[in-house]
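J.: Heads up, the sequence shown is in my numbering, so the first residue is 1103 and it goes up one at a time.
For reference, the structure I am asking about is given below.
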Amino acid sequence: MSQSRFSRRPDIAGKLRVSFEFFPPKTEAMEERLWETVTRLAPLAPDFVSVTYGAGGSTRERTARTVRRILEETGLTPAAHMTCVDASRETVDQVIGEFAALGVRRFVALRGDPSAGVGAAYQPHPDGYTNGAELVGAMRRHGDFDISVAAYPEKHPESPDFATDIDMLKRKVDNGATRAITQFFFDNDLYERYVERVRRAGIYIPIVPGIQPVHNFAQVANFASRCGAHVPAWLAERFAGLDNEPQIHALVASAVAAEQVLDLIERGVDEFHFYTMNRADLAFAVCHMIGIRPASTDAKVQPAAA
1103 MSQSRFSRRP
1113 DIAGKLRVSF
1123 EFFPPKTEAM
1133 EERLWETVTR
1143 LAPLAPDFVS
1153 VTYGAGGSTR
1163 ERTARTVRRI
1173 LEETGLTPAA
1183 HMTCVDASRE
1193 TVDQVIGEFA
1203 ALGVRRFVAL
1213 RGDPSAGVGA
1223 AYQPHPDGYT
1233 NGAELVGAMR
1243 RHGDFDISVA
1253 AYPEKHPESP
1263 DFATDIDMLK
1273 RKVDNGATRA
1283 ITQFFFDNDL
1293 YERYVERVRR
1303 AGIYIPIVPG
1313 IQPVHNFAQV
1323 ANFASRCGAH
1333 VPAWLAERFA
1343 GLDNEPQIHA
1353 LVASAVAAEQ
1363 VLDLIERGVD
1373 EFHFYTMNRA
1383 DLAFAVCHMI
1393 GIRPASTDAK
1403 VQPAAA
């Protein structure tokens, strides 16, 4: 019976697509870790890689430098994150144009977290775009870009209900969004029910599950509590007692993430977005489990031409 499982077919890797998310480095040590992660994951030939902003767009310059380096030194396709936090329309339009001039053709358009961090009240810039839908519209006016947006299987913490939340997603799609990438989740039933709600609302773009390997359970649980993502009791139990066992924690984390992805494959999902936290091993392990292996040494990061 196990041989009939779709996720165990030898040809399954050819039917799957993955993408990876990095965040821009704040220090030289973090930059070294980032490029170790890029080097490690590049041979898996992801569909694209995205580079985030910090809260309030605080890492905008580092994001631009990281995207430029990916374009110049790798064969990867970068997707630049864009937010409208603390920025005028003029500034946002300028940054979109700068990324486009670099050769960026993929974006991840997000309203963004408040400057004070997740959980703080959001205040739009008085001359800025007020939400993700308006930001998508601005991008579409600049060019024929591939635009990913955020989706929330447990609804955005600021949305009063799912109807309001899904209406915002529909506005993003109407303004030109290409796909949605979800906030991370750990209960696949929640994702499946969310996709059903979205389809009933007449939204048919891909809803790509965002997968968060649990690099540090305490940190992930804390972030989840602030962004409205449910941490099941069974997940907490799996990591109980491992605070001082980093190697065992990593083994459990890779097993948990692989279990989630394999179950989603059985449910018909064929595209995944991994939040790497600039750490390659867990994402690499999950990709290995589903048959995505290094295509060739040519995909590795190469030095920039002199």
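Note that beta-carbon positions come from the ideal geometry of N, C-alpha and C, so glycine has one too.
1) My parser needs the alpha helix (DSSP H) runs of 4 or more residues fully inside the stretch 1237-1301; what are they?
2) Is R1162 buried or exposed, if buried means 16 or more other CB atoms sit within 10 Å of its CB?
3) Buried or exposed: D1392, going by 16 or more other Cβ atoms within 10 Å of its Cβ?
4) Quick one: what does DSSP say P1127 is sitting in, helix, strand or coil?
5) Buried or exposed: which applies to Q1196, given that a residue is buried once 16 or more other Cβ atoms fall within 10 Å of its Cβ?
6) Specify the secondary structure class of E1373 as computed by DSSP and reduced to three states.
7) Mind reading off the beta-carbon distance from F1125 to V1169? Whole number of angstroms is fine, and I expect it under 8 Å.
8) If distances are taken between C-alpha atoms only, which option among I1305, D1365, D1276, S1356 comes closest to F1341?
9) Taking the runs of the alpha helix (DSSP H) that are 4 residues or longer, which of them lie wholly in the stretch 1108-1155?
10) Residue range of the beta strand (DSSP E) that A1342 falls in?
11) Take H1183 and list the residues in its own chain whose beta-carbon comes closer than 7 Å to its own, dropping the five residues that flank it on each side.
12) Considering only the alpha carbon of each residue, which of A1335, F1319, Q1285 lies closest to Y1377?
13) Count the CB pairs spanning the stretch 1183-1194 and the stretch 1141-1149 that are closer than 8 Å, and state whether there are at least three.
14) Name the one or two DSSP bridge partners that F1209 has.
15) Nearest-angstrom Cα distance between I1394 and E1174?
16) Does DSSP classify G1064 as helix, strand or coil?
17) For V1333, which three-state DSSP category applies?
18) Look at the alpha carbon of D1248 and the alpha carbon of G1343, and state the distance between them as a whole number of angstroms.
19) Let me make sure I understand the geometry here. Which of V1316, N1277, P1308 has the alpha-carbon closest to that of E1349?
20) State the Cα-Cα distance for the pair G1158 and E1130, rounded to the nearest angstrom.
21) Since N1290 and V1238 are thought to touch, with beta carbons under 8 Å apart, how far apart are those beta carbons, to the nearest angstrom?
22) H1258: buried (16+ other C-beta within 10 angstroms of its C-beta) or exposed?
23) Any contact between the stretch 1103-1123 and the stretch 1367-1376? By contact I mean 3 or more CB pairs, one from each, below 8 Å.
24) If we count the other Cβ atoms within 10 Å of its Cβ and call it buried at 16 or more, is W1336 buried or exposed?
25) So the candidates are Q1314, D1372, P1180; which of them puts its Cα closest to the Cα of A1352?
26) For A1115, which option in E1133, G1214, V1371 has the closest C-alpha, if you only look at C-alpha atoms?
27) Does DSSP put G1234 in a helix, a strand or coil?
28) Could you give the first and the last residue of the continuous alpha helix (DSSP H) run that contains D1088?
29) Alpha helix (DSSP H) containing R1167: first to last residue?
30) Between which residues of its own chain and H1244 is the CB-CB distance below 8 Å, once the five residues before and five after are set aside?
31) Would you call N1380 buried or exposed, if buried means 16 or more other Cβ atoms sit within 10 Å of its Cβ?
T.: To lay it out plainly:
1) 1264-1276
2) buried
3) In the sequence on display, residue 1392 carries Ile and not Asp. Buried is the call here.
4) coil
5) exposed
6) strand
7) In fact, because the Cβ distance is near 12 Å, the residues do not count as touching under 8 Å.
8) S1356
9) 1130-1143
10) Taken as a continuous stretch (DSSP letters only), A1342 belongs to no beta strand (DSSP E), as it is neither H nor E.
11) S1152, V1153, T1154, Y1155, T1165, V1210, L1212
12) Q1285
13) no
14) A1182, I1249
15) 25 Å
16) Coverage of the chain is limited to positions 1103 through 1408, which leaves residue 1064 absent and any answer about it impossible.
17) coil
18) 43 Å
19) The amino acid at residue 1349 is misidentified as Glu; the sequence shows Gln. The shortest Cα separation from Q1349 among V1316, N1277, P1308 belongs to V1316.
20) Here the model assigns G1158 a pLDDT of 49, short of 50, so the residue's position is not dependable and the matter cannot be decided.
21) Not really, about 27 Å apart at Cβ, beyond 8 Å.
22) buried
23) yes
24) exposed
25) Q1314
26) V1371
27) helix
28) Outside the displayed span of the chain (1103 to 1408) sits residue 1088, for which this structure offers no information.
29) 1162-1175
30) D1195, I1198, G1199, A1202
31) buried
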